[in-house]
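To start, the structure under review is shown below, and the notes come after it.
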Amino acid sequence: MTLFLEQLLNGLQYGVMLFLLAAGLTLIFGIMGIINLTHGSIYMIGAYAGTYVANLTGSFYLGFPAALAAVGLTGVAVEFLVVRRLYQRDHLDQVLATFALILIFNQLVTLIFGRPPLYATTPAILDGSVEVLPGLFYPLYRMAIIGVGLLVAFGLYVIIHKTRLGMLVRAGATNREMVRALGVDIRLLYTAVFGLGALLAGLAGFMAGPVLAVQVGMGEQILITTFVVVVVGGVGSIRGAFFASLLIGVVDTLMQAYLPGLFRQIVIGPDADALGAGLSSMGIYVLMAIVLLIRPGGLFIAHG
Amino acid sequence: MTKTFLLAAAIASAFAAPPASAAEAVKIGMITTLSGPAGYLGQDIRDAFKLAIKDGKLGGVPVELKVEDDALKPGNGKQIADRMLSDDRIRLFTGINFSNVAEAAVPDIVDAGAFYISPNAAPSNFAGKNCNKNYFVASWQNDALHEAGGEYVNKLGYKSAVIIAPNYQAGKDALMGFKRTFKGKIVDEIYTNLDQTDFASVMAQIRAAKPEAVFQFEPGGMGIAFMRQYQQAGLLGQIPMVVAEPSMDGVILKALGKAAVGVRVALHWNSDFDNESNKEFVAAWTKAYNRPLTFAASQGYDTALLIASALKATDGKVSDADAFRAALRKADFKSVRGKFAFGPNQHPIQSWYEAEVVDGKNGPELKTVGTIYDDRGDAYSKECKM
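Right under this line is the structure:
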């Protein structure tokens with residue numbers, strides 16, 4: 002039972018991480034109509050900039066402003082120099098341009114920091130693990146990630162549902178042309194949304210550093226899953242992104258944990274584990290297919 | 078119009094071939110993983126190989142090294158091999174560090190009558206029945222590395238273990254090799270994904286299984302993530318860990334810092350080996366690159382020395398395949414690992430050593446503490462009929 006609960010916590014932590022990325026991606030796609038593959042690179046830049054400054058100064062907390070500043074600047078530069086020219090183009094052009102940016106950013110990071118992964122430290126007070134329930138120890142740092150993630154989710158909820166900016170964002174996700182026709186400065190809104198998405202991705206990247214390895218290509222690994230989350234949640238819907246993130250996080254973790262064991266009971270022989278592991282990595286895509294069959298627009302449809 | 082033209086010109090110039098060097102140079106095709114989380118391994122193979130090339134010469138013969146990145150994608154590796162074979166007419170290949178890429182690219186190379194000398198990957202399916210007279214391995218057979226790991230766990234007296242590897246050929250070879258020699262009970266066998274970086278669910282499984290030891294094979298960036306999470310989960314002090322060489326290279330050790338102290342490693346080469354060739358290599362590496370040393374670098378260097386010995390013996394005539402093959406088989410070079418010979422399947426016969434991460438003067442270091450096997454070949458050589 003404790004094992005199951007621990008796996009649930011793992012799923013929750015993974016889900017929260019996915020949410021930080023998916024929230025930005027779903028807004029950018031839903032409101033601006035841009036397929037932004039650079040989102041993974043921004044995540045990586047957040048991780049590198051934050052970790053570099055944290056290592057240089059010896060303070061984990063100084064990494065936060067560094068990461069956010071770096072991704073903010075990168076986000077605005079990308080929007081201004083590249084993405085702005087793509088609004089009127091079709092999705093294929095967008096994919097081509099933003100994919101090129103992935104390659105450019107990967108190479109730039111390799112040139113600046115080299116290929117070996119960076120070492121990221123956890124702050125001393127978050128080292129070690131805490132006994133959540135009797136017999137259930139959980140790494141403190143991962144608890145902190147869950148906490149920050151939920152806090153951000155709440156903050157986004159307030160922004161989206163209680164502020165004027167949020168109202169415009171919701172309106173933009175529902176009917177872009179109408180918002181423009183009503184005389185809203187859509188360019189400013191676009192830049193704000195893009196910047197916000199970049200900040201969230203950078204935050205996720207920096208927080209992932211001490212858990213995963215800070216390395217070139219770390220963004221692409223999580224980007225694909227993030228797209229699955231956006232599709233499952235419904236494009237343009239923050240709420241959808243939140244629930245889909247948690248769903249995908251938990252399903253993926255539980256599948257990885259239990260499917261191989263299940264297969265060992267059914268299939269005999271050395272291939273059982275490999276088969277189980279292979280199938281569990283397909284799990285989230287199967288889930289996506291099922292969701293698309295039943296609700297082609299995703300779980301929470303933003304477009305009217 | 079002008080704009081489009083300029084763009085086309087710019088693209089074309091970027092892809093234009095570099096000026097051809099001296100006509101008589103022997104071309105060596107190096108396909109390796111230079112991008113992505115495991116990119117540092119390919120970089121080390123390449124840079125160490127270059128260390129052995131002096132003034133453009135390897136074994137006294139002018140060589141031209143052509144390096145391309147497979148990005149850890151089997152399809153890329155195969156395409157590069159085909160292109161190098163047909164367009165560049167390369168007859169001598171090396172470099173691949175991942176078994177899934179090797180499985181895709183090597184058959185094309187040897188079927189074309191060219192040579193492939195592996196600096197790292199050596200999947201079991203090329204070592205036995207499907208061995209090839211143009212396929213040489215300068216590193217290890219994949220299983221052998223983990224057979225040594227299994228025996229090391231026996232020697233340390235642990236009676237049960239959880240074993241973990243990525244779900245691809247080398248991972249399967251790893252766990253197969255470990256199980257071949259480990260005498261205790263395997264409590265759990267876990268396959269992870271090759272691009273996985275979050276091992277939280279694995280940590281929970283290990284904690285629940287309560288083994289006496291953990292054995293893992295997670296090379297490259299995966300190894301760093303695995304060890305960090307093992308530490309964060311509070312398992313590091315509780316359950317001893319024994320790893321294969323690729324899970325504790327110089328880069329991983331540096332990234333982990335003190336957290337790695339106490340981890341045991343089964344290896345075929347270590348930077349502290351006391352032989353002339355190794356001392357020369359370590360000094361040259363430090364002078365040229367000043368980066369942490371990895372097993373991959375030692376393998377790249379050894380592979381270059383092996384090729385140098387054959388080039389020297391045949392005066393660079395790779396086209397005389399029989400003579401070149403015979404020269405390679407002699408393995409007439411001073412390996413940085415010490416004694417080295419080829420078995421009947423052209424895979425190494427070599428010794429395996431025990432090592433432990435200790436707290437040294439300049440931070441944690443890997444110290445060789447004993448011997449696991451002397452002059453050991455691999456499990457598949459009997460099946461190879463050449």
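From first to last, the protein sequence lines are chains Y and E. So the first sequence is residues 2 to 305, counted in the numbering used here. So the second sequence is residues 78 to 463, counted in the numbering used here. Cβ coordinates follow ideal geometry from the N, Cα and C atoms, glycine included. Remember, predicted model here, so these are calculated numbers, not experimental data.
The stretch 170-188 of chain E makes no contact with the stretch 410-427 of chain E; the number of CB pairs closer than 8 Å stays below 3. Taking the C-beta atoms as reference points, E:S386 is found nearer than 8 Å to E:D409. Listed along the chain, the chain E residues whose CB falls inside 7 Å of the CB of Y:E7 are A281.
Residue pairing for E:W429: DSSP places it in a beta bridge opposite E:Y450. By the Cβ test, the stretch 146-157 of chain E is in contact with the stretch 167-177 of chain E, since at least three Cβ pairs between them sit closer than 8 Å. Every beta strand (DSSP E) of 3 residues or more that sits fully in the stretch 120-163 of chain E is shown, in chain order, as 138-146. With a threshold of 8 Å between beta carbons, Y:Q216 makes contact with chain E.
Closer than 9 Å at the C-beta level to chain Y, one finds these residues of the stretch 309-324 of chain E: Q309, A310, G311. In chain E, no part has a C-beta under 9 Å from the C-beta of Y:D94; the shortest such distance is about 14 Å. By the Cβ-count criterion, Y:A50 is buried, with 16 or more other Cβ atoms from all chains shown falling within 10 Å of its own Cβ. In the three-state reduction of the DSSP assignment, Y:R177 falls in the helix class, which pools H, G and I.
Taking C-alpha positions only, E:G226 is separated from E:N219 by approximately 12 Å. Contact annotation: Y:V236 and Y:F106 have beta-carbon atoms that are not nearer than 8 Å. When 7 Å is used as the limit between beta carbons, E:T363 is near no residue of chain Y, the shortest such separation being about 16 Å.
For the pair Y:I223 and Y:F20, the Cα-to-Cα distance works out to about 11 Å.
In its chain, beyond the 5 residues on either side, G277 have a beta carbon closer than 8 Å to the beta carbon of Y:L263. Contact annotation: the stretch 215-230 of chain Y touches the stretch 107-121 of chain E, with at least three C-beta pairs closer than 8 Å. Put simply, of Y:A273, Y:R240, Y:T122 the residue whose alpha carbon is nearest the alpha carbon of Y:V159 is Y:R240. Among the residues of chain E, those whose CB is under 9 Å from the CB of Y:L213 are T274, D275, G298, I301, A302, R305, Q306, following chain order. The alpha-carbon separation between Y:V229 and Y:I285 amounts to approximately 8 Å. Taking 8 Å as the threshold, the shortest C-beta distance from Y:R116 to chain E falls below it. The C-beta of Y:L260 comes no closer than 8 Å to any C-beta of chain E.
Excluding its 5 nearest sequence neighbours in each direction, E:V328 has C-beta neighbours in its own chain below 7 Å: Y117, P369, T371, listed in chain order.
Counting along the chain, E:R341 sits inside the beta strand (DSSP E) bounded by residues 341-344. No Cβ of chain E is located within less than 8 Å of the beta carbon of Y:L21.
In terms of CA proximity to Y:D253, Y:G16 leads the group Y:G16, Y:L4, Y:T3. Separation of E:D392 and E:D165 (C-alpha to C-alpha, rounded to the nearest whole angstrom) is 21 Å. Taking CB atoms only, Y:G47 has no neighbour in chain E less than 8 Å away. A straight line joining the alpha-carbon of E:T109 with that of E:F126 spans about 12 Å. In the three-state DSSP reduction, Y:Y158 falls in the helix class (H, G or I). Contact annotation, E:V320 with E:Q293: C-beta distance approximately 6 Å; criterion of less than 8 Å satisfied.
In the structure shown, the three-state DSSP call for E:P288 is coil. Rounded to the nearest whole angstrom, the CA to CA distance from Y:T27 to E:E145 is 36 Å. Residue state for E:I105 is assigned as strand, using DSSP reduced to three classes. Considering only E:A390, E:A381, E:N270, the residue with the shortest C-alpha distance to E:F213 is E:A381. Against chain Y, the beta carbon of E:A332 has neighbours under 7 Å at P118, Y120, listed in chain order.
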